[in-house]
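So the number in the working numbering is just where the residue sits in the sequence shown, counting from 1, plus 3.
Presented below is the structure to which this report refers.
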Amino acid sequence: MTSQPQTRPLLVELLTEELPPKALQRLGQAFAEGLRTSLQQQNLLAEACAVRPLATPRRLAAKFDAVLKQAPEQQYTEKLMPAKVGLTPEGEMTPALQKKLQSKGLGHLTVAELVSESDGKQDYLYAQGVAQGESLQSGLQKALDKAITQLPIPKVMRYQLADGVSSVRFVRPAHRLIALWGEDIVPVQALGLSADRHTEGHRFMSEGVLEIPSADQYEPILLEQGRVMAGFESRRADILRQLHDQANRLGATIGKGAEVDALLDEVTALVEHPTVYVGEFEPEFLAVPPECLILTMRLNQKYFPLFEPESGKLTHRFLIVSNMQVGNPVHIIEGNQRVVRPRLADARFFFETDRRTPLAERVPQLATSVYHNKLGSVLQRVERIRRIATHIAEQLNSDTRLADRAALLAKADLNSNMVGEFPELQGIMGAYYAQGDGEAPEVVDAIRNQYRIRLDAPVTPASLTATVLFMAERLEVLVGIWGIGLAPTGERDPYGLRRAALGLISAYEQLAAGGQLPIDDHETLRLDSLLAFAATTFEPGTLAEETLPAVTEFIYERYRNQLSSHDRNVVEAVLALRPPLHQVVGRIQACAQFAQLPEAASLAAANKRISNLLKKAEAEVGKVDAALLAEPAERALAARIDELTPVADQAFEAGDFSGSLATLADARAAVDAFFNDVMVMVDDAALRLNRLALLGRLHRSMNQVADISRLAQ
4 MTSQPQTRPL
14 LVELLTEELP
24 PKALQRLGQA
34 FAEGLRTSLQ
44 QQNLLAEACA
54 VRPLATPRRL
64 AAKFDAVLKQ
74 APEQQYTEKL
84 MPAKVGLTPE
94 GEMTPALQKK
104 LQSKGLGHLT
114 VAELVSESDG
124 KQDYLYAQGV
134 AQGESLQSGL
144 QKALDKAITQ
154 LPIPKVMRYQ
164 LADGVSSVRF
174 VRPAHRLIAL
184 WGEDIVPVQA
194 LGLSADRHTE
204 GHRFMSEGVL
214 EIPSADQYEP
224 ILLEQGRVMA
234 GFESRRADIL
244 RQLHDQANRL
254 GATIGKGAEV
264 DALLDEVTAL
274 VEHPTVYVGE
284 FEPEFLAVPP
294 ECLILTMRLN
304 QKYFPLFEPE
314 SGKLTHRFLI
324 VSNMQVGNPV
334 HIIEGNQRVV
344 RPRLADARFF
354 FETDRRTPLA
364 ERVPQLATSV
374 YHNKLGSVLQ
384 RVERIRRIAT
394 HIAEQLNSDT
404 RLADRAALLA
414 KADLNSNMVG
424 EFPELQGIMG
434 AYYAQGDGEA
444 PEVVDAIRNQ
454 YRIRLDAPVT
464 PASLTATVLF
474 MAERLEVLVG
484 IWGIGLAPTG
494 ERDPYGLRRA
504 ALGLISAYEQ
514 LAAGGQLPID
524 DHETLRLDSL
534 LAFAATTFEP
544 GTLAEETLPA
554 VTEFIYERYR
564 NQLSSHDRNV
574 VEAVLALRPP
584 LHQVVGRIQA
594 CAQFAQLPEA
604 ASLAAANKRI
614 SNLLKKAEAE
624 VGKVDAALLA
634 EPAERALAAR
644 IDELTPVADQ
654 AFEAGDFSGS
664 LATLADARAA
674 VDAFFNDVMV
684 MVDDAALRLN
694 RLALLGRLHR
704 SMNQVADISR
714 LAQ
């Protein structure tokens, strides 16, 4: 009976100075995955071996539960060189073959141990045999070197080693290295350190240097003696549990959303032994806009503000995630309260100071702020947005005065004290200041929502001005930034043009959803016309010649990506016509329904055939001459077109895209009969052009909703 190779758990730890908190989670996962990949490639991991990434502010570690001391022997076949090059006429090794074998560590092989096989063209020499598996020491050294080299380090630093001569490059100085296979030290090296079994616990609460007897005892000893919770995810879960417990005890909530999740990740990377305490500030600070206080606490102090569960209103309490657990935390709490109070006082000072200057009086100051050296100042940009917004408002029968006012004031908060301190509050502060100045509610709402990523609710008359500003801002940036040669490349999109395109698309969708842009309106806010108008707001010669078609294509391409959940052929059929953006979804739904009809495949194939025939027309195809309809099948098709086209056109004009396509589906029998019985490309030019004209008329009617030929498989 063959015994199974012995496996033991493996632990690797690098103890370092404090690692960058926003990169810690990614570094920990990359370190563990880098080791796992390399050890697996060297066949040192047992089947189904699990790896546990471990990361704290001062360490990167990984625990494997089943690792071999020696990888199994491996069969190998090494292609060497052509036999005529490797062997003399007498069958002896040539110097070239001897050198080749030596370079591959196979110098011990004789000619008799080599194999000669043909590759179809000539005979080649191969070395075959059984290679000894990699040892854990050698394999782990390779894995450790590779994992460290490939870490996604945001900024590498160089530091000197203890010998005072050598230096290494790493994310932070490393002080200790552990490599334990079960109870045994694996003698590997990294960053000038030799592996042993010693580590350090919490800077203030631990018992000093810790000795780890075995890999399995690492986490328990680190927690009990070192007061360090090694697992990032387990530490995060513990912090979240404590936050909820404290919030529930106070009848409050920490809120939810991406900002809360990001802060939770960051504080997890800042503490090794998390303990949550409750702090508070004077209630009078709540007179400051809550966004200012929330941002101050989260961004500057890493606190979790508390909110009323029902109303969502900010309270005067917050939660502190401390790296210390003490019997009486009064000094920790009071210290944090002393630190946050000046921050809140600064926010109040900025707010009160800013309010002394009406928002409208700040607009001229934008002339001193450069938007882009090729596009002028922020004030010039504001003037462009004003013109575009007024143009959009006119088309939507919205109040042009409100649209113009919102666009005028939209960027005025950029030179305020509060936005200077917290750029994330652009628009939000402008809305507070506009409200304080007595601006119309529609203007306040527009300023507040101008920086949203996308619109996610149907547009109502009350939100129409906000939508107009939202669209104008995105049209200006798309045309302007693209026009000066700063189109997105690869992952680089510093001006957010992809986000702007998706935001613009969402505006069209929500205008349609709210009935502000009816589905049967085929002309209002046509994208090509809107982009062309936006281009007129720039100084002549500013924009590159091909800007407008390129931006149009870019927007439709973004829409194509967004529609990936729909049938690809249906999406291509609709977008091929570059339809009004607010009709895209409706047309896709109609086209998808049409594709399920039994007539669809035949009509799609016929449509494709018609497209190809029309491309071959040597002259302009005119109107159908009934007198030239000689064959019964073409007369029948003409009669069917006369009958169905007005009905289909009427449905299309009314926005009933499904009805339009379904009507034309009834032409299938006549179309099939025509192609069975009638030769289109006959020698008689007049007859040929007349038949092409008949097909052209059918083609125009069939392709109003989508390019049906693209449904043909």
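The C-beta atom is built at its ideal place from N, Cα and C for all residues, glycine as well.
Residue i vs residue j beta-carbon contact at 8 Å
i	j	result
Ala-641	Val-627	yes
Val-174	Tyr-162	no
Leu-405	Thr-468	yes
Phe-660	Ala-609	no
Ile-558	Leu-507	yes
Ala-272	Pro-24	yes
Ala-595	Leu-472	no
Ala-709	Val-577	yes
Ala-53	Gly-31	no
Leu-505	Arg-561	yes
Leu-718	Gln-73	Examination of residue 718 is not possible in this model, given that the chain is present from 4 through 716 alone.
Leu-362	Tyr-454	no
Arg-451	Ser-509	no
Val-70	Pro-12	yes
Arg-301	Leu-266	yes
Ala-64	Val-15	yes
Leu-38	Ala-182	no
Lys-66	Tyr-127	no
Pro-223	Tyr-280	no
Gln-249	Leu-180	no
Leu-520	Tyr-511	yes
Ser-3	Glu-186	Since the first residue shown for the chain is 4 and the last is 716, residue 3 is missing from the structure and cannot be characterised.
Residue from the options whose Cα sits closest to the Cα of residue i
i	options	result
Pro-292	Arg-61, Gly-439, Ala-715 and Met-208	Gly-439
Glu-427	Ser-197, Thr-299 and Val-168	Thr-299
Ser-704	Met-474, Glu-656, Gln-73 and Asn-693	Glu-656
Thr-256	Arg-320, Val-212 and Thr-278	Arg-320
Pro-155	Thr-527, Phe-34 and Leu-701	Phe-34
Glu-386	Thr-360, Ser-401, Val-480 and Ala-410	Ala-410
Asp-241	Gly-544, Leu-309, Ser-325 and Ser-119	Ser-325
Leu-701	Gly-132, Met-684, Ala-639 and Asp-680	Ala-639
Ala-630	Asn-693, Ile-335, Asp-570 and Ala-688	Asn-693
Leu-289	Val-263, Leu-243 and Ala-348	Ala-348
Phe-307	Asp-448, Ile-297 and Val-462	Ile-297
Ala-415	Val-329, Val-447 and Thr-113	Val-447
Glu-602	Leu-664, Glu-542 and Leu-584	Leu-664
Ala-670	Ala-604, Thr-403 and Arg-359	Ala-604
Arg-239	Glu-311, Pro-60 and Ala-99	Pro-60
Met-96	Val-114, Gly-108 and Thr-80	Val-114
Thr-356	Ala-413, Ser-380, Val-422 and Pro-223	Val-422
Gly-625	Leu-695, Pro-649 and Ala-465	Leu-695
Ala-516	Leu-143, Thr-463 and Glu-549	Thr-463
Val-274	Phe-235, Gly-254, Lys-259 and Leu-253	Phe-235
Glu-120	Lys-87, Val-650 and Thr-91	Lys-87
Rounded Cβ spacing between residue i and residue j (contact assumed at less than 8 Å)
i	j	result
Val-343	Phe-284	6 Å
His-276	His-205	5 Å
Asn-615	Leu-714	Not really, about 15 Å apart at Cβ, beyond 8 Å.
Glu-203	Leu-18	6 Å
Ala-668	Leu-600	5 Å
Asn-400	Arg-365	Their Cβ separation, rounded to whole angstroms, is 31 Å, which puts Asn-400 and Arg-365 out of contact at 8 Å.
Thr-555	Leu-584	No, Thr-555 and Leu-584 are not in contact; Cβ-Cβ is about 11 Å, not under 8 Å.
Ile-487	Thr-545	7 Å
Arg-389	Asp-402	Their Cβ separation, rounded to whole angstroms, is 14 Å, which puts Arg-389 and Asp-402 out of contact at 8 Å.
Uninterrupted beta strand (DSSP E) stretches inside the region 330-379 (no shorter than 3 residues): 373-375
Tell me whether the region 325-344 and the region 268-285 touch, counting them as touching only if at least three CB pairs, one residue from each stretch, are closer than 8 Å. yes
Every unbroken beta strand (DSSP E) inside the region 57-86 [3 residues or more]: 62-71 and 77-85
Would you call the region 361-374 and the region 535-555 in contact, with 3 or more CB pairs under 8 Å? no
Quick check on the DSSP output: what are the complete alpha helix (DSSP H) runs of length 4 or more inside the region 683-716, in order along the chain? Fully enclosed alpha helix (DSSP H) runs of no fewer than 4 residues occupy 688-705 of the region 683-716, in order along the chain.
List, from N- to C-terminal side, the alpha helix (DSSP H) runs of 4 residues or more that fit wholly inside the region 293-318. 293-298
Counting only runs that start and end within the region 484-544, where is the alpha helix (DSSP H) found for 4 or more residues in a row? 500-516 and 530-539
Under 8 Å, with one C-beta from each stretch per pair, do the region 181-195 and the region 33-47 reach the 3-pair mark? no
Jot down the residue ranges of each uninterrupted alpha helix (DSSP H) in the region 177-218, minimum 4 residues, whole runs only, in chain order. Annotation note: the region 177-218 contains no uninterrupted alpha helix (DSSP H) run of length 4 or greater.
Which runs of the alpha helix (DSSP H) at least 4 residues long sit entirely within the region 615-662? Give them in chain order. 635-656
My parser needs the alpha helix (DSSP H) runs of 4 or more residues fully inside the region 387-435; what are they? 403-412 and 420-424
Threshold first: 4 residues or longer. Then list the alpha helix (DSSP H) segments lying entirely within the region 92-170, N to C. You should have 98-106 and 139-152.
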